[in-house]
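Colleague: Numbering (the working numbering), first residue to last: 3 to 221. Don't be surprised by glycine CBs; every beta carbon is placed ideally from N, CA and C. Before I ask anything, here is the structure I am working with.
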């Protein structure tokens, strides 16, 4: 289990780094191509948009892992520890249900809700339709067996929907277990409100000292 978790951790981090590098490289090369050679690649903008979407959806799960999602915890920190822990676990459960629902809403039928949709349903539909991207054209040596013909299959770009949400659910479950074991406080970034208040107090003190220095200098 630890090996699988380590593999997923490294895969996430390396993939995010690669996507960021590709976005920078494509954008920079387009600037050079347009302003120096008066040329460019028509699919660059669409590819950058796809990479940005991949970055966001991968970043959701990575943010859960490192606890970087911003939240306001000033209110629940005023409660006793058992109540605070309950709300922390409740927040993790909400994230799990949110991710599962976006992945596939069909599980809601157990509550009598007729719902058909979600990332997996949409991805499967795009795959079965077999349409390609608008501007990303494949080289001639690519086989026509790929859905989309001469253009990059749209399902490849949309593959991040089920993958990203599955990782989001996995990280939320891991966060729930860590909170339950007492290894983690919350699923969001902790002490967000306290840090802001500390910064505000420091800023006030610096302003007071600056004012005193100015008055002393004028005398």
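Start and end of the alpha helix (DSSP H) containing residue 98?
Modeller: Translated into the one-based positions of the chain shown, residue 98 becomes position 96. It spans 83-105 - the alpha helix (DSSP H) in which residue 98 sits, taken as one unbroken run.
Colleague: Could you work out which residue in 190, 10, 45 is closest to residue 72 when comparing CA atoms only?
Modeller: The residue given as residue 72 occupies position 70 in the chain shown. Here the closest residue by C-alpha is 190.
Colleague: Considering only residues of the same chain and omitting the five flanking positions on each side of residue 62, which have a CB-CB separation below 6 Å?
Modeller: In the chain shown, residue 62 corresponds to position 60, counting from 1. Cβ neighbours of residue 62 beyond the five flanking positions: 170.
Colleague: Taking only the alpha-carbon atoms, compute the straight-line gap between residue 26 and residue 40 and give it to the nearest angstrom.
Modeller: On the chain shown, residue 26 is found 24 positions in, with the first residue counted as 1. On the chain shown, residue 40 is found 38 positions in, with the first residue counted as 1. Approximately 20 Å, taken between the alpha carbons.
Colleague: So what does DSSP say about residue 150, is it helix, strand or coil?
Modeller: Taking the chain shown and counting its residues from 1, the one referred to as residue 150 is at position 148. With a pLDDT of 48 at residue 150, under the threshold of 50, the predicted position of this residue should be treated as unreliable, though the coordinate-derived value follows. Coil.
Colleague: Assuming residue 22 and residue 57 form a contact by the criterion Cβ under 8 Å, report the distance between their Cβ atoms to the nearest whole angstrom.
Modeller: Sequence index remark: in the chain shown, residue 22 carries index 20 (1-based). Sequence index remark: in the chain shown, residue 57 carries index 55 (1-based). Going by Cβ atoms, the distance from residue 22 to residue 57 rounds to 7 Å, so yes, they are a contact pair.
Colleague: Just reading off the alpha helix (DSSP H) that residue 188 is part of, what are its end residues?
Modeller: Here residue 188 refers to the residue found at position 186 when the chain shown is read from its first residue. Run containing residue 188: none; DSSP gives neither H nor E here.
Colleague: Measuring straight from C-alpha to C-alpha, what distance separates residue 173 and residue 182?
Modeller: The residue you call residue 173 lines up with position 171 of the chain shown. The residue you call residue 182 lines up with position 180 of the chain shown. Taking the straight line joining both Cα atoms gives about 14 Å.
Colleague: Does the distance between the C-beta of residue 106 and the nearest non-hydrogen atom of the ligand PLP fall short of 6 Å?
Modeller: Only the bare structure without any ligand can be found here, which leaves the ligand PLP out of the picture.
Colleague: Give every residue of the same chain whose Cβ lies closer than 6 Å to the Cβ of residue 129, excluding the five residues on either side of it in the sequence, and list them in chain order.
Modeller: What you label residue 129 is simply residue 127 of the chain shown in a count that begins at 1. So the list reads 157, once near-sequence residues are dropped.
Colleague: When you compare each of 188, 51, 52, 207 to residue 83 by their alpha carbons, which one comes out closest?
Modeller: The residue you call residue 83 lines up with position 81 of the chain shown. Of the listed residues, the one whose Cα sits closest to residue 83 is 188.
Colleague: Which two residues bound the contiguous beta strand (DSSP E) that contains residue 14?
Modeller: Indexing the chain shown from 1 puts residue 14 at position 12. Element bounds for residue 14: not the beta strand (DSSP E) but the alpha helix (DSSP H), 4-38.
Colleague: So is residue 64 buried or exposed if we call it buried at 16+ other beta carbons inside 10 Å?
Modeller: For this step, residue 64 is matched to residue 62 along the chain shown. The residue in question, residue 64, is buried, as its Cβ has 16 or more Cβ neighbours within 10 Å.
Colleague: Where does residue 133 fall in DSSP's three states?
Modeller: Here residue 133 refers to the residue found at position 131 of the chain shown. Coil.
Colleague: I'd like to know whether the C-beta atoms of residue 8 and residue 28 end up nearer to each other than 7 Å.
Modeller: Stepping through the chain shown from its first residue, residue 8 is reached at position 6. Stepping through the chain shown from its first residue, residue 28 is reached at position 26. Cβ distance not < 7 Å, so residue 8 and residue 28 don't count as in contact.
Colleague: Could you give the DSSP three-state label for residue 115: helix, strand or coil?
Modeller: Numbered from its first residue, the chain shown carries residue 115 at position 113. It is coil, neither helix nor strand.
Colleague: Quick one: Cα of residue 203 to Cα of residue 55, how far?
Modeller: Counting from 1 along the chain shown, the entry for residue 203 is found at position 201. Counting from 1 along the chain shown, the entry for residue 55 is found at position 53. Cα to Cα, residue 203 sits roughly 38 Å from residue 55.
Colleague: Using CA atoms only, rank isn't needed, just tell me which of 97, 48, 117, 95 is closest to residue 136.
Modeller: For the purposes of this step, residue 136 is identified with residue 134 of the chain shown, where counting begins at 1. Per the Cα distances, 48.
Colleague: Is it the case that the Cβ atoms of residue 121 and residue 52 are separated by a distance below 7 Å?
Modeller: As a working note, residue 121 is residue 119 in the chain shown. As a working note, residue 52 is residue 50 in the chain shown. Their beta carbons are not under 7 Å apart, which means residue 121 does not touch residue 52 by this criterion.
Colleague: Which word fits residue 177, buried or exposed, when buried means at least 16 other C-beta atoms lie within 10 angstroms of its C-beta?
Modeller: Position 175 of the chain shown, counting from 1, holds the residue named residue 177. By the neighbour-count rule (16 or more Cβ atoms within 10 Å), residue 177 is buried.
Colleague: Just the C-alpha distance for residue 166 and residue 45, rounded to the nearest angstrom, thanks.
Modeller: In the chain shown, the residue the question calls residue 166 occupies position 164. In the chain shown, the residue the question calls residue 45 occupies position 43. Roughly 24 Å separates the two Cα atoms.
Colleague: Would DSSP call residue 179 helix, strand or coil?
Modeller: The residue labelled residue 179 in the question sits at position 177 within the chain shown. It is helical.
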